[in-house]
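**Q** Just so we're aligned: the sequence shown equals residues 1486 to 1568 in this note's numbering. Backbone N, C-alpha and C define an ideal beta-carbon position, used for all residues, glycine too. For reference, the structure I am asking about is given below.
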Amino acid sequence: MAIPQGATAVTYSIALSGSGAPDWYLAFTQRLAFSPIKDAQVHAALEAGADAIVAHLQSEFPDATVAAQRSYDATLPGDPWPV
């Protein structure tokens, strides 16, 4: 997925629960403050890492639930204040 316009950070959250698996949660956040090309490279590396973690958890605990989410922090321009 392309980085949304105005995104300042990306967070990946991964949770494991149920069916004999330990309750486990991991979240990692990376600021997107480099250049557009560098941000895209970092974003791709984070996604690949998160995909690898999810795949590993699914293979180690096939009957458990692995929940994964990606979210973005963003800055949206607004009207000048005070006027």
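(1) Run through DSSP, which three-state label would D1536 get?
(2) Closest to G1505 by C-alpha separation, out of I1488, E1545, H1541 and D1564, would be which residue?
(3) Go ahead and pull the three-state DSSP assignment for I1499.
(4) Does DSSP classify D1508 as helix, strand or coil?
(5) Is the separation between the beta-carbon of T1550 and that of S1502 shorter than 8 Å?
**A** Straight from the coordinates:
(1) helix
(2) E1545
(3) strand
(4) coil
(5) yes
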